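If you read the sequence shown in UniProt numbering, its first letter stands for residue 1, the second for the next number, and so on. C-beta: ideal position from N, C-alpha, C; glycine also. A quick note: this is a predicted structure, and the numbers were derived from the prediction, not measured.
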Amino acid sequence: MQSNYGEIYRAWRSDHVAHWTEAARGVDWFEHPATVFDETLGVYGRWFPDGRGNTCHNCVDRHVEAGHGERTALIYDSPVTGRKARYSYAELLGEVNAMAAVLADHGVEKGDRVVIYMPMIPEAVFAMLASARIGAIHSVVFGGFAANELAARIEDSQAKLVVSASCGIEPNRIVAYKPLLDAAIGLSHHKPDHCLVLQRPEHEAELGEARDVDLGPALEAARGRTVPCASLAATDPLYILYTSGTTGQPKGVLRDNGGHMVALAWSMRAIYGVSPGEVFWAASDIGWVVGHSYIVYAPLLNGSATVLYEGKPVGTPDAGAFWRVVEEYKVSVLFTAPTAFRAIRKEDPEGALVKDYDLSSLRALFLAGERADPDTVQWAERVLGVPVIDHWWQTETGWTIAGNPLGLGQLPVKHGSPTVPMPGYELHVLDDAGHEVPPGTLGNIALKLPLPPGCLPTFWNADARFRAACLDEFPGYYKTADAGYVDEDGYVFIMSRTDDIINVAGHRLSTGAMEEVCASHPDVAECAVIGVADTVKGQIPAGFLVLNSGVSRESSVIEREVVGLVRDRIGPVAAFKTVICVKRLPKTRSGKILRGTMQKIADHEPWKMPATIDDPSILDEIAAALQTRGIGA
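Structure (structure tokens):
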């Protein structure tokens, strides 16, 4: 299929109103917008300001009304409990109506905030859609999040109600949620009126407080009831998503109803190439933006089936877990984070387990959430035999900034690049003074305003903070806080966060480029490079390597080989001499490596335990490894 990306992108550049007018026809409106964009509204303008509709209606009701009620909507697969379930669109509508009735019975109205603190279970999806149905604003918080962080989100959102479960289930432990929820409410000055708690048989919670409600019986009693979809302005909020790792005053990314529907519905066809009725699997969590956009909303807007997976890429039970799901449900397109594939590769370096499964349904793998190093991409291409497509976006944008649009016809791949900007985004690379830099020059990635539909209009109740954080440094642009370059062909290369650009004896160097070289070593499963303070050079890089399972060679030999690779490919200017093999890297639950915390440990700076860390003990291991090399506290 020849790509018509260039034609569509040029058409958008010449008339963005016409582009988004056409895209808006892909969703149902109660009142079709007469105005596509009004630059006088909000912080930088608002999309479809006079349109009215409802996201839940577009995700569920309209498919049933169109005669597709028997089509599969939601597939639940839980290797940690052994439970599986399928919901047709008609069955999903019944479940969402019941949840909406329970919310309404407990006082939730349009504009109220609902915090959802749940594991990867169907009721979490029902709660999101039910909130959207009645016009409440949901805020999903990763199940098992620390009490103080949950408290900050309850307080900042002024949540009227919390929907939770008694526990979450990890491969080797059960996490009781109710004590964390109770502690969070104790810490918050704002107290929700009710907590709806779903009892899971693996661990039931004590419901002692007057505000506590057993959600299971309440849902059972509400089955068969119908709650109409609220008519909402396109500019009304759909959800607040607090960005991972925030401390102090949390930063709530706000998403609206109208632009969000239009952009996500367009993206499913144009970027992912997925048709109604096909199975799409985003192997993420609903606590993160990928889960919001591509587990829940976009597949359902598209009339596709979506997979809700309560498990891990390895350990539930092995490194073939993803392949089993693809085979069992005939997944057409898989979307996950590069860290998942690095974990699979570490346990199964040759991809031997792939041969045990029929993956003939799989057309493509999409990667996002962190930089996809070329070695991981090439490994996935080799073992899967399908296009592996890196694409780049952020919590703030909600959908792809730069990618390789499978639905428009795939462009040639350049490993290390998420390819080109999508229609809606005009991307520029700026120096620190805001001047555009030549092709191939590292700089600040910025997006010319206005941001397209689906992106955040502002932060929750914090317009001034949004301007200061994202718009003021480069007037007329949104600052992505990512660093990279654009080559002569217009391909985008995202090298690191701007905080990860290090200055070695006056040379600005990307730690991402060094990580790319480290990852190319055949014995390295994953890696991280940070900048460490140095009295002579200002900063020097330090590399951390996690080796593939089964590697028997001496780690010191591999460390020397990696130093040599960086010297050969980047040059002596990198001053890359410190490399340490470790068992694990500290990560957030979404798989992002906590490089900033590692750097603070190395530089003897004060640091706080990140709220989103997956396993706090790994930081002790990193500190000990640094000490053996005379670095850090």
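- request: Count the C-beta pairs between the segment 79 to 90 and the segment 62 to 71 that are closer than 8 Å, then say yes if the count reaches three, no if not.
  value: Taking 8 Å as the limit for Cβ pairs, the verdict is that the segment 62 to 71 does touch the segment 79 to 90.
message: Using a Cβ-based criterion (distance less than 7 Å to any ligand heavy atom), does residue 544 qualify as near the ligand NAD?
response: No copy of the ligand NAD appears in this structure; indeed no ligand is present at all.
Inside the segment 334 to 420 only - alpha helix (DSSP H) runs reaching at least 4 residues: Those alpha helix (DSSP H) runs which fall completely within the segment 334 to 420 and span 4+ residues are 338 to 347 and 374 to 384.
message: Let me check understanding here. Comparing Cα to Cα, which of 163, 356 and 596 lies closest to residue 106?
response: With respect to the C-alpha of residue 106, the residue from 163, 356 and 596 having the closest C-alpha is 163.
- request: From the DSSP output, in three-state form, read off residue 167 for me.
  value: Strand.
query: For residue 123, which of 236, 282 and 296 has the nearest alpha-carbon?
result: Ranking 236, 282 and 296 by Cα distance to residue 123 puts 296 first.
- prompt: Which whole-angstrom value is the C-beta distance of residue 127 and residue 184, which I expect to be below 8 Å?
  reply: Between the beta-carbon of residue 127 and that of residue 184 there is about 17 Å, and that puts the pair past the 8 Å contact cut.
field: Spatial neighbours of residue 155 in its chain, beta-carbon cut-off 8 Å, leaving aside the 5 residues before and after
entry: Cβ within range, chain order: 188, 189 and 190.
field: Counterpart residues of residue 203 in DSSP-defined beta bridges
entry: Beta-bridge analysis with DSSP links residue 203 to 200.
- prompt: In the DSSP assignment, what residue or residues form a beta bridge with residue 69?
  reply: Answer is none; residue 69 lacks a bridge partner.
- request: Below 8 Å on the Cβ atoms is my guess for residue 59 versus residue 254; work out the distance and round it to an integer in Å.
  value: About 19 Å separates the Cβ atoms of residue 59 and residue 254, ruling out a contact at the 8 Å cut-off.
- request: Within the same chain, show all residues whose beta-carbon is closer than 6 Å to that of residue 270, passing over the 5 residues directly before and after it, in chain order.
  value: Taken in chain order, the residues that qualify are 405, 407 and 408.
task: Over the uninterrupted alpha helix (DSSP H) stretch that includes residue 122, give me the two end residues.
output: Here the alpha helix (DSSP H) through residue 122 covers 122 to 134.
message: Rounding to the nearest angstrom, what Cα-Cα distance links residue 214 and residue 401 in this structure?
response: Across the structure, residue 214 and residue 401 are spaced so that their CA atoms are roughly 42 Å apart.
query: Given a threshold of 16 other Cβ atoms within 10 Å of its Cβ, counted over all protein chains shown, does residue 609 qualify as buried or as exposed?
result: Result: exposed.
query: Is residue 247 helix, strand or coil by DSSP?
result: Low local confidence applies: a pLDDT of 41 at residue 247 is under 50, so the model's placement there is unreliable, with the coordinate-based value given in what follows. Assigned with DSSP and collapsed to three states, residue 247 falls in coil, not helix or strand.
- prompt: Taking C-alpha atoms, which residue in 243, 250, 329 and 299 lies nearest to residue 287?
  reply: The residue with the shortest Cα to Cα distance from residue 287 is 243.
query: Rounded to whole angstroms, how far is the Cβ of residue 442 from the Cβ of residue 385, which I believe are closer than 8 Å?
result: Rounded, the Cβ-Cβ distance is 34 Å, inconsistent with contact.
message: Comparing C-alpha positions only, which one of 622, 109, 262 and 577 sits nearest to residue 599?
response: Residue 599 has its Cα closest to that of 622, out of 622, 109, 262 and 577.
message: Do residue 380 and residue 365 have their beta-carbon atoms positioned less than 8 Å apart in this structure?
response: Contact: yes.
message: Give me, in chain order, the residues of the same chain whose beta-carbon lies closer than 7 Å to that of residue 99; leave out the 5 immediate sequence neighbours on both sides.
response: Annotation for residue 99: 126, 127, 130 and 219 place their beta carbon closer than 7 Å to its own, counting only its chain and skipping 5 residues before and after.
Run of the alpha helix (DSSP H) containing residue 260, from where it starts to where it stops: Element bounds for residue 260: 258 to 270.
message: DSSP three-state label for residue 139, please.
response: Here residue 139 sits in strand by DSSP.
- request: With a cut-off of 8 Å on the beta carbons, I'd call residue 558 and residue 581 a contact; round off their distance for me.
  value: Their Cβ separation, rounded to whole angstroms, is 7 Å, which keeps residue 558 and residue 581 in contact under 8 Å.
message: Can you find the residues in the same chain that come closer than 6 Å, C-beta to C-beta, to residue 450, ignoring five residues on each side of it along the sequence?
response: Non-local beta-carbon contacts of residue 450 in its own chain, meaning distances under 6 Å to residues more than five positions away in sequence, involve 44 and 45 in chain order.
- request: Decide if residue 17 is buried, meaning its Cβ has at least 16 other Cβ atoms within 10 Å, or exposed.
  value: In this structure residue 17 is exposed. Its beta-carbon is surrounded by fewer than 16 other beta-carbon atoms within 10 angstroms.
Proximal residues to residue 397 (C-beta, below 6 Å), its chain only, five neighbours per side dropped: Short of 6 Å from the beta carbon of residue 397, and not among the five residues preceding or following it, lie these beta carbons of its own chain, in chain order: 455.
field: Expected contact under 8 Å - CB spacing of residue 332 and residue 280 to nearest Å
entry: Contact flag correct, Cβ pair sits at about 7 Å.
Exposure of residue 40, with buried meaning 16 or more beta-carbon neighbours within 10 Å: By the neighbour-count rule (16 or more Cβ atoms within 10 Å), residue 40 is not buried but exposed.
query: CB-CB under 6 Å to residue 245, same chain, minus the five flanking residues each way: which ones, in chain order?
result: With a pLDDT of 41 at residue 245, under the threshold of 50, the modelled position of that residue is not reliable, and the figure given next carries that caveat. Taken in chain order, the residues that qualify are 610 and 612.
message: Can you find the residues in the same chain that come closer than 8 Å, C-beta to C-beta, to residue 71, ignoring five residues on each side of it along the sequence?
response: So the list reads 63, 88, 89, 276, 277, 303 and 305, once near-sequence residues are dropped.
query: The alpha helix (DSSP H) spanning residue 97 covers which residue range?
result: Its alpha helix (DSSP H) spans residues 89 to 105.
query: If you run the structure through DSSP and keep just helix, strand and coil, what is residue 181?
result: If DSSP states are grouped into helix, strand and coil, residue 181 belongs with the helices.
query: Which residue comes first and which comes last in the alpha helix (DSSP H) that contains residue 503?
result: For residue 503, no alpha helix (DSSP H) run applies; the uninterrupted beta strand (DSSP E) run containing it begins and ends at 501 to 504, by DSSP.
- request: Could you tell me how far apart the beta carbons of residue 78 and residue 310 are, in whole angstroms, since I believe they sit closer than 8 Å?
  value: So it is a contact: roughly 4 Å between Cβ atoms.
task: Would you identify the three-state DSSP class for residue 46, choosing helix, strand or coil?
output: DSSP places residue 46 in strand when its eight states are reduced to three.
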